[in-house]
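Protein chains in written order, with the numbering used here: chain A, 2 to 377; chain B, 2 to 377.
Virtual Cβ for every residue (Gly too), placed ideally from N, Cα, C.
As structure tokens, the structure follows; a few thoughts come after it.
2 protein chains.
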Amino acid sequence: MSNSINYSYEQLKHFCTDAFMKFGFSREESDIIVDVLLTSDLYGIESHGMQRLVRYHKGIEKGLIKIDAKPEIVFETPVSAVIEGHDGMGQLLGHKAMKIAIEKAKQTGMAIVTVRNSNHYGIAGYYAKMACKEGLIGMSMTNSEAIMVPTFARKAMLGSNPIAIAMPAEPYDFFFDASTTVVTRGKLEIYNKLNKPLPEGWALDSKGKGSSDASDVLKNIVGKAGGGIVPLGGETEQTGSHKGYGYGMFCEIFTSILSMGLTSNHTHIGGKGGTCHGFIAINPAVFGNADDIREHLSTLLRELREAPKAEGQDRIYTHGEKEVFAYEDRMKNGIDININTVAEMVDLCNYLGMDAIHYLGEDALKLTLARSSYDM
Amino acid sequence: MSNSINYSYEQLKHFCTDAFMKFGFSREESDIIVDVLLTSDLYGIESHGMQRLVRYHKGIEKGLIKIDAKPEIVFETPVSAVIEGHDGMGQLLGHKAMKIAIEKAKQTGMAIVTVRNSNHYGIAGYYAKMACKEGLIGMSMTNSEAIMVPTFARKAMLGSNPIAIAMPAEPYDFFFDASTTVVTRGKLEIYNKLNKPLPEGWALDSKGKGSSDASDVLKNIVGKAGGGIVPLGGETEQTGSHKGYGYGMFCEIFTSILSMGLTSNHTHIGGKGGTCHGFIAINPAVFGNADDIREHLSTLLRELREAPKAEGQDRIYTHGEKEVFAYEDRMKNGIDININTVAEMVDLCNYLGMDAIHYLGEDALKLTLARSSYDM
Chain A
2 MSNSINYSYE
12 QLKHFCTDAF
22 MKFGFSREES
32 DIIVDVLLTS
42 DLYGIESHGM
52 QRLVRYHKGI
62 EKGLIKIDAK
72 PEIVFETPVS
82 AVIEGHDGMG
92 QLLGHKAMKI
102 AIEKAKQTGM
112 AIVTVRNSNH
122 YGIAGYYAKM
132 ACKEGLIGMS
142 MTNSEAIMVP
152 TFARKAMLGS
162 NPIAIAMPAE
172 PYDFFFDAST
182 TVVTRGKLEI
192 YNKLNKPLPE
202 GWALDSKGKG
212 SSDASDVLKN
222 IVGKAGGGIV
232 PLGGETEQTG
242 SHKGYGYGMF
252 CEIFTSILSM
262 GLTSNHTHIG
272 GKGGTCHGFI
282 AINPAVFGNA
292 DDIREHLSTL
302 LRELREAPKA
312 EGQDRIYTHG
322 EKEVFAYEDR
332 MKNGIDININ
342 TVAEMVDLCN
352 YLGMDAIHYL
362 GEDALKLTLA
372 RSSYDM
Chain B
2 MSNSINYSYE
12 QLKHFCTDAF
22 MKFGFSREES
32 DIIVDVLLTS
42 DLYGIESHGM
52 QRLVRYHKGI
62 EKGLIKIDAK
72 PEIVFETPVS
82 AVIEGHDGMG
92 QLLGHKAMKI
102 AIEKAKQTGM
112 AIVTVRNSNH
122 YGIAGYYAKM
132 ACKEGLIGMS
142 MTNSEAIMVP
152 TFARKAMLGS
162 NPIAIAMPAE
172 PYDFFFDAST
182 TVVTRGKLEI
192 YNKLNKPLPE
202 GWALDSKGKG
212 SSDASDVLKN
222 IVGKAGGGIV
232 PLGGETEQTG
242 SHKGYGYGMF
252 CEIFTSILSM
262 GLTSNHTHIG
272 GKGGTCHGFI
282 AINPAVFGNA
292 DDIREHLSTL
302 LRELREAPKA
312 EGQDRIYTHG
322 EKEVFAYEDR
332 MKNGIDININ
342 TVAEMVDLCN
352 YLGMDAIHYL
362 GEDALKLTLA
372 RSSYDM
């Protein structure tokens, strides 16, 4: 029995767009949300696409995400804006904020827009790419529920705090999108499902000691009992723990601090989300000829790909290359959705009164029913 | 026999200022250069202070550093500038560029200034702190001779590419300054001097395989024979190697790419330096009340310091705290200079026709003479 179903991009889009409209979002809003989610699946970042639907569903049900939130610009200059999100959907706030940053950067050369009281906004890179598609350098950051344990601590204080940056280049844009923790929570969940011990240097137990027990670490994170994931650079200063912790702070400055929003250690407490984002757009043309600059970057990226490989390696990647290939492959050959995720999508259909067979096909129902009789 | 001599800040300043004036810099220029170098020693970053004098001496002798270079602004907008450094002294170009960024940011809210064809500029953090002292967020980056081996490569392609950021806070500014490699070359040199094997996950041999042989790695770096230091995050994607490599690229974009200067892999080849820098200044006041924002950051930093400690740890540091204590201690108790460095300073006196006993004391001569009879 296959443990995934292959869907075309169009079919997933049809399902998702109608689902978010059923939740009460407008057609235009649903289109934006769905584009963020499906771009993630198309890039091969399954953790942030269809697999996250259930989290948005729960967020809306619990009232963490307010469908009719009206974002407000509470501070603005020609190079900046601060948006009060009023607990709106993260993707809509992110999209709006980056659009403002792009418009301002086209006028002034560069702009930073921050957002407070938002929710999970999907992949950080989506918004960086929005600017990149307009010929600009784009940056996007978000704080999140505390999960990073700072160097020498035993309590998670910062979020996974991803930093994304994209810049136009040929034949692939430079596109870097990564958490400032050594790995994301999703990785721990995979090890937990497979019942595999965690590699050394990823996570800490409730006393702040290295742990290979994924289940225990995840339980402690949820229960806020101490421990969590270590910064990029690991547990000790010898491997650069303080540097990943520093990049986590970098993210915090451009999200919660410059929006006067909740810092990661105060988000997701007492029925309140409070996630904060930051968006930067920079026009390369304020440094000279934008075409020359793009070519200069393209040359460096090509030299990196063509550099001598380590013994046993046949390829050096530049950031963004893998996503381009994943995108092309999935647009052509469809997107494999894990059967557990399909089951969640079927549940969502039932919850929203949508015809699961119409949207997801007969196999979806058959497989998820077969799955429940085995797995329950 | 002591292996260091303690000097007061004033005495080192007197020696250094006169030395750079002997090289041909003006009084004002010498003051800037010396302030960058001594700030490094005061912060406890010995690798970038007096210990680097010999490198600047060699750079000037070889003609890599041109004392009479006249920097030129080749492109400018209200939020940006690009400076052609004409192979000038890095500290002077860095200081000039950050001053321009600060002035522009005070007018417009934020600014980025890039510099090409410069030289080693000391600690990146110095320039970030310049903006911070003016109430702004400061960032400073520099590329350098290629030393970072990208993930899956066996040749160094990027520099140590430090990124520094400083932002006003009480009682200590946030101040993060770190290479995007797991460690700097200086660390390898220390292990080599001590004849100690390198920790796993720091360096690669000429084939791109992990190496613990500091001497071999350093020899290969100098000879451009392959290998080098791995990115922050280590050698494999499992520990986040691609993330450190991504931050290395981040630095490259804001230095060489946006200045149309030499990328790290093309600097320091054929008698040409070509180092590039990038400076960012952002006025927090374009996001609301600057005092409120400073207090918001100060609160997060305090919460981090007060967070529960890992078992066996009694302190969590926030970035910039160690430098504050080192600065206060060294201003009060003087700066210990390693005897090998003192010997280089004595040599410099002789080279420049300065009276070593007058500037560095009788002990300097005695100890360095004693040292040479033992160490030669």
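In terms of Cβ geometry, A/Leu301 and B/Ile258 form a close pair [threshold 9 angstroms]. In the DSSP annotation of this structure, the continuous segment of the alpha helix (DSSP H) that includes A/Glu296 starts and ends at Ala291 to Glu307. Residue state for B/Thr18 is assigned as helix, using DSSP reduced to three classes. Here B/Ala226 carries a coil assignment [DSSP, helix/strand/coil]. In the three-state reduction of the DSSP assignment, A/Phe24 falls in the helix class. When C-beta atoms of the region 276-290 of chain A are compared with those of the region 100-118 of chain A, three or more pairs fall below 8 angstroms, so the two segments count as touching. If you compare the alpha carbons of B/Arg155, B/Asp214 and B/Ala147 with that of B/Leu189, the shortest gap goes to B/Asp214.
Contacts with chain A at 9 angstroms (Cβ-Cβ) include B/Ser260.
Within the same chain, Pro72 and Ile84 come within 8 angstroms of A/Lys97 by CB-CB distance, once the 5 residues on both sides are set aside. For the pair A/Asp217 and B/Val75, the Cα-to-Cα distance works out to about 58 angstroms. Counting only residues of its own chain and dropping the five nearest sequence neighbours on each side, A/Thr240 has a CB closer than 6 angstroms to the CB of Gly234. Contact annotation: B/Met142 and B/Ile164 have beta-carbon atoms nearer than 9 angstroms. Just measuring C-alpha positions, the residue of A/Gly187, A/Gly224, A/Ile222 and A/Ile230 sitting nearest A/Trp203 is A/Ile230. In this chain, A/His320 is not harboured by any beta strand (DSSP E), its DSSP state being neither H nor E.
Within chain A, the C-beta atoms nearer than 7 angstroms to that of B/Gly110 come from Thr78, Val80 and Ser81, in chain order. Under the 9 angstroms criterion on CB atoms, B/Arg155 is classed as interfacial with respect to chain A. In the DSSP assignment, B/Lys67 is bridged to no other residue. B/Arg117 is bridged by DSSP to B/Glu85. B/Arg28 counts as exposed, since fewer than 16 other beta carbons sit within 10 angstroms of its beta carbon. With a threshold of 9 angstroms between beta carbons, A/Gly234 makes contact with chain B.
At a cut-off of 9 angstroms between C-beta atoms, A/Ser257 counts as an interface residue with respect to chain B. The secondary-structure analysis by DSSP pairs A/Asp174 with nothing; it has no beta-bridge partner. Proximity of B/Gln92 to chain A, defined by a Cβ-Cβ separation below 9 angstroms, is not satisfied.
Put simply, the backbone Cα of B/Gly262 is about 26 angstroms away from that of B/Phe153. Residue state for B/Met111 is assigned as strand, using DSSP reduced to three classes. Cβ contact annotation for A/Ser242 (same chain, cutoff 8 angstroms, sequence separation greater than five): Thr152, Val231, Pro232, Gly234, Gly235 and Glu236, in chain order. What B/Arg186 touches in chain A, judged by beta-carbon distance under 9 angstroms, is nothing: the nearest beta carbon there is about 15 angstroms away. Boundaries of the beta strand (DSSP E) harbouring A/Glu73: Glu73 to Thr78, taken from the DSSP string.
Proximity to A/Tyr248 across B/Tyr128, B/Leu94, B/Phe177 and B/Asp206 peaks at B/Phe177, based on C-alpha coordinates. From the listed residues B/Val35, B/Asp315, B/Ile166 and B/Gln52, the smallest Cα separation to A/Phe255 is found for B/Ile166. The beta carbon of B/Thr276 sits no closer than 9 angstroms to any beta carbon of chain A.
A check of alpha carbon separations from A/His320 across B/Glu238, B/Asp348 and B/Arg331 identifies B/Glu238 as the nearest. At a cut-off of 9 angstroms, the C-beta of A/Lys367 has no neighbouring C-beta in chain B. A/Leu39 is positioned such that its CB atom lies closer than 9 angstroms to that of A/Leu13.
In this structure, DSSP gives B/Met261 a state outside helix and strand, which the three-state scheme calls coil.
One finds nothing in chain A with a Cβ atom closer than 9 angstroms to the Cβ of B/Val325; even the nearest lies about 15 angstroms away.
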